[in-house]
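*Asks:*
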Amino acid sequence: MFDIDLMSGPASRGLEFIEDCNAAREHSPVFWSELSNTWIIGRHADVSDGFRGRKPLINRGRLFTFALGAVSPDQRAKLLPNMHRYMPSWILEVDPPDHTRLRRLVMVAFTKRIVENMRGTIRARVDELLDYAESSREVEFNEKIARLLPGYIVFKMLGMPEKYMADLREWSNALVLALSRPGTSIEELRACDEAIAQMNRIVLEELEKRRTAPQDDLLTELLHATDEGDKLTIEELLGVMHILIVAGHDTTANTMTLITEALSRRPDAWDYIRDNPDQILACVNELMRYVAMSAGQPKFVGADFEWHGQQLRKGQPVVLLIAGANRDPRVFDNPEALDFSRNNIDSQVFAPGIHHCIGHLLAKLQLCEFVSALVNRFESVQVLDDPLNFMPTFAFRGMWGMNVRFQTRAPNQLTNSSSA
1218 MFDIDLMSGP ASRGLEFIED CNAAREHSPV FWSELSNTWI IGRHADVSDG
1268 FRGRKPLINR GRLFTFALGA VSPDQRAKLL PNMHRYMPSW ILEVDPPDHT
1318 RLRRLVMVAF TKRIVENMRG TIRARVDELL DYAESSREVE FNEKIARLLP
1368 GYIVFKMLGM PEKYMADLRE WSNALVLALS RPGTSIEELR ACDEAIAQMN
1418 RIVLEELEKR RTAPQDDLLT ELLHATDEGD KLTIEELLGV MHILIVAGHD
1468 TTANTMTLIT EALSRRPDAW DYIRDNPDQI LACVNELMRY VAMSAGQPKF
1518 VGADFEWHGQ QLRKGQPVVL LIAGANRDPR VFDNPEALDF SRNNIDSQVF
1568 APGIHHCIGH LLAKLQLCEF VSALVNRFES VQVLDDPLNF MPTFAFRGMW
1618 GMNVRFQTRA PNQLTNSSSA
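Each residue of the sequence shown is one higher than the one before, counting from 1218 in the numbering used here.
(1) For K1531, name the three-state secondary structure that DSSP assigns.
(2) How about R1626: is its Cβ closer than 8 Å to a heavy atom in the ligand GTP?
(3) Okay, do the segment 1393-1405 and the segment 1419-1435 touch, 3+ Cβ pairs below 8 Å being the bar?
(4) Assign A1637 to one of three DSSP states: helix, strand, or coil.
(5) Taking the alpha helix (DSSP H) that M1324 belongs to, which residues open and close that run?
(6) Within a Cβ cutoff of 7 Å, which residues of the same chain sit near V1513, ignoring the five residues on either side of it in sequence?
(7) Which class does V1457 belong to by DSSP, given the choice of helix, strand or coil?
(8) For W1256, does the three-state DSSP call read helix, strand or coil?
(9) Excluding the five sequence neighbours on either side, which residues of its own chain have a C-beta within less than 7 Å of the C-beta of R1318, listed in chain order?
(10) Excluding sequence positions up to five away, which residues of its chain have a Cβ less than 6 Å from the Cβ of H1441?
(11) Just how far apart, CA to CA, sit C1238 and V1508?
(12) For the segment 1262-1275 and the segment 1403-1421, state whether three or more C-beta atom pairs, one from each stretch, are separated by less than 8 Å.
(13) Would the beta-carbon of D1434 fall within 9 Å of that of M1374?
(14) When the distance is taken between beta carbons, is R1506 closer than 9 Å to N1543?
(15) Grab me the residues of S1683's own chain with a C-beta within less than 7 Å of its C-beta, minus the 5 sequence neighbours each way, in chain order.
(16) Give me, in chain order, the residues of the same chain whose beta-carbon lies closer than 8 Å to that of M1324; leave out the 5 immediate sequence neighbours on both sides.
(17) Considering just the uninterrupted stretch of the beta strand (DSSP E) at V1518, what are its terminal residues?
(18) Using the Cα positions of E1411 and S1225, report the straight-line distance between them to the nearest angstrom.
(19) Going straight from the alpha carbon of M1616 to that of N1359, what length do you get?
(20) Let me make sure I understand the geometry here. Which of L1504, H1261, I1462 has the alpha-carbon closest to that of V1371?
(21) Within 10 angstroms of its Cβ, does G1526 collect 16 or more other Cβ (buried), or is it exposed?
(22) Go ahead and pull the three-state DSSP assignment for M1616.
(23) From I1460 to Q1533, what does the alpha carbon distance come to, in whole angstroms?
(24) Assign L1583 to one of two classes, buried (16 or more other C-beta atoms within 10 Å of its C-beta) or exposed (fewer than that).
(25) To the nearest angstrom, how far is the alpha carbon of N1593 from that of D1603?
(26) Report back the beta-carbon spacing between L1475 and R1302 to the nearest angstrom; my notes put them in contact at under 8 Å.
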């Protein structure tokens, strides 16, 4: 009988894990996975309904309970004090009206105007990283290039000291390994709890500085953000910072790595992007659909209901399989193809609905600037690893590392790029 393994499949199957998501979609619109201990939803219409609130699915406690299955409820506060205290107020973990309130207070920092003002900084950072790539020729892409673009930008926006960027990999891996798959070990949960504690110490120190000396940065903005007298509590503010520091850079970094790997196998796509600079946003949107950085997102059943003949019970876990939905032939013609003329208005990449990714504009801007500069600066990139070294996570798909070799374009071949 068919099943999909969300625990070990992302690492053991690597790129082929997308085939598993496709198979799950076609196996049944709604089925219980014994391997992953969750309901699996893979068709586009159903995934969209799940994200848009058309089914009684909730976010409250989803990551906390999904990951902490190995720890009994009465032991969580003792063994994992920071996760127990702060995760319940994460914006990813709450539903309206709490989510509505938090999102309203946080969104002030991610308007189109504010994001667009970061373009020059992003472009300069991309040039700096690609200068390093050009001089080195062979680099470990994941940590030396990919993480150092969005990590730097997030720190710049927040006003966090750059010296702490060295901790980004440890914090990100700790949270992602603990919270992006079922069946997390107690050791991984403790590493996550310690990462939260470390971030708290640093953020609280920076907040104290801004109480007496406000700065022109996002941390000061969040500290003083109000809406009709409403403000973030310290617990909520720290929770926002956990998400911004980790998810705010790790998702974009993983997407950069996966896109670079995909383009290394597709010289036709590389040339198309270089020759059609005005289409860079459409190209990035299609690349994000194609590489499926986030293969799925967990939720919980908020009330008993029937879905495609299956009886779902309150409190059961559900995974909305984004990778399956974004390759559903019922919606996307020839979905296995990388087609830059495709209209991606129905893409589920950023989880449409009330939990639509707050940082989507910033992520797309960084990816557009990076991909445009990459194809113009270099003739090609060759991935040196075989096999690829994927992490065992399905919610944020990424690699432990990816070694690459860059081939520089001849000076007379360089063109002027245009970004979205």
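The C-beta atom is built at its ideal place from N, Cα and C for all residues, glycine as well.
*Replies:* Short version:
(1) DSSP places K1531 in coil when its eight states are reduced to three.
(2) No copy of the ligand GTP appears in this structure; indeed no ligand is present at all.
(3) no
(4) Any reading at A1637 is ruled out, since the residue's pLDDT is 48, under 50, leaving its predicted position unreliable.
(5) Neither: M1324 is in no alpha helix (DSSP H) and is coded neither H nor E.
(6) Before going further, note that residue 1513 is Gly rather than Val in the sequence given. Counting only Cβ-Cβ distances below 7 Å, and skipping sequence neighbours, we find V1536, L1537, L1538, I1539, A1540, F1611, A1612.
(7) V1457 falls in the helix class under three-state DSSP.
(8) strand
(9) D1447
(10) Here the set comprises nothing.
(11) 12 Å
(12) no
(13) yes
(14) yes
(15) Residue 1683 cannot be examined here, being either before or after the span of the chain that is shown, 1218 to 1637.
(16) I1575
(17) 1514-1518
(18) Each residue's Cα considered, the two are about 24 Å apart.
(19) 7 Å
(20) I1462
(21) exposed
(22) strand
(23) 25 Å
(24) Reading off the sequence shown, one finds Gln at residue 1583, where the question assumed Leu. Buried, since its Cβ has 16 or more Cβ neighbours within 10 Å.
(25) 26 Å
(26) Actually they do not touch by this definition, with Cβ atoms about 34 Å apart.
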